[in-house]
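Chemist: The sequence shown runs 5 to 204 under our numbering.
I am attaching a structure below and will ask some questions about it afterwards.
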Amino acid sequence: MNWPSERDLPEGRHRLIREFVMTEIDKQPQSRGWRRPRLAVLAPALGLAAAAALAVPLLFGGTPAYALTKGSDGLIHITINEAKDPDKLQADLRAMGADVVVDYVPEGKKCGPEPRSSHFLGRDEAPLAVFPPPPSSSSEDLAPGFTIDPSVIGPGQTGVLEFSVSERTDQQVAGIWARVGTDPVADCVLEDTTGAPLAH
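Below you can see the structure in the form of structure tokens.
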């Protein structure tokens with residue numbers, strides 16, 4: 005079934021649906037003992053936005069702020085442990101062949117100005133975020149995170165990765181907005197918002 009890029013819903017309904025999804029993620033019962041965190045899908049499953057927005061539980065402990073793994077197929081798996089140092093993450097991704105800009109967007113903020121590019125390619129034209137990631141021999145060894153395909157970024161284009169981390173007391177969840185835009189891509193200027201940080 006083909007979903008339209010954005011559903012025709014009354015004004016404010018998109019925000020309510022996003023809040024409902026985040027609330028339902030928080031309400032899931034916590035089982036006793038250890039279990040492998042599940043990948044939660046926000047916007048793609050609901051058809052809320054034309055971007056790939058995914059969420060995963062964050063890992064805690066003495067881990068680095070992020071981890072990158074490049075597969076033999078060229079896909080790059082990103083695990084976000086802390087929302088800090090986007091410039092280093094951007095530099096490391098570029099060193100792996102991904103021409104991207106990376107920004108962390110805290111709750112209560114959003115990236116401006118909008119649009120940051122004169123033209124963003126649709127998910128069907130350039131699916132930067134790969135979900136679900138294709139099975140591979142090492143996929144079970146990877147921590148929860150996001151997978152991107154830098155090969156969809158063509159000449160004169162830049163991948164835009166916006167990350168957000170919800171700071172809830174019972175669980176932290178990271179989300180991503182990933183699109184390919186025509187150069188130049190404007191710098192992210194954080195602006196106040198009452199909506200979801202990755203809403204575009």
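Beta carbons are placed, not taken as given, at the ideal position from N, Cα and C, and that holds for glycine.
Just so you know, these numbers come straight off a predicted model, no measurement behind them.
Would you report the Cα separation of L93 and V177, rounded to the nearest angstrom?
Modeler: Straight-line Cα distance between these residues: approximately 18 Å.
Chemist: Under a three-way DSSP split, which group does S155 fall into?
Modeler: Here S155 sits in helix by DSSP.
Chemist: Check for me: the beta strand (DSSP E) holding D89 runs from which residue to which?
Modeler: Unbroken run through D89: none, as it is neither H nor E.
Chemist: Out of curiosity, what's the CA-to-CA distance linking T197 and P90?
Modeler: Taking the straight line from one Cα to the other gives about 21 Å.
Chemist: Going by the CB atoms, is the gap between L125 and E166 shorter than 8 Å?
Modeler: Taking 8 Å as the Cβ cut-off, E166 and L125 do not qualify as a contacting pair.
Chemist: With distances taken Cα to Cα, identify the nearest neighbour of G78 among H123, V164, A99, P68.
Modeler: Selected option, being the one with the closest Cα: A99.
Chemist: Under a three-way DSSP split, which group does A99 fall into?
Modeler: Residue state, collapsed to three classes: helix.
Chemist: Taking only the alpha-carbon atoms, compute the straight-line gap between A200 and G75 and give it to the nearest angstrom.
Modeler: Distance between the alpha carbons of A200 and G75 is about 32 Å.
Chemist: Can you tell which of I80, F150, V189 has the C-alpha that lies nearest to the C-alpha of S122?
Modeler: Checking every option, the nearest Cα to that of S122 belongs to V189.
Chemist: So if DSSP puts D196 in a beta bridge, which residue, or which two residues, is it bridged to?
Modeler: D196 pairs with K113.
Chemist: Expressed to the nearest angstrom, what Euclidean distance is found between the alpha-carbon atoms of C115 and A87?
Modeler: Cα-Cα distance, rounded: 15 Å.
Chemist: From the DSSP output, read off the bridge partner residues of H81.
Modeler: T73, T151.
Chemist: Quick one, are the C-beta atoms of V164 and G185 less than 8 Å apart?
Modeler: A contact, by the Cβ cut-off of 8 Å.
Chemist: As a quick exercise: from L72, F135, E129, pick the residue whose alpha carbon is nearest that of D96.
Modeler: Considering only alpha carbons, the answer is L72.
Chemist: Near A69, which residues of its chain fall below 7 Å by C-beta distance, leaving aside the five closest residues on each side in sequence?
Modeler: Closer than 7 Å at Cβ, skipping near neighbours: N85, E86, K88, D89.
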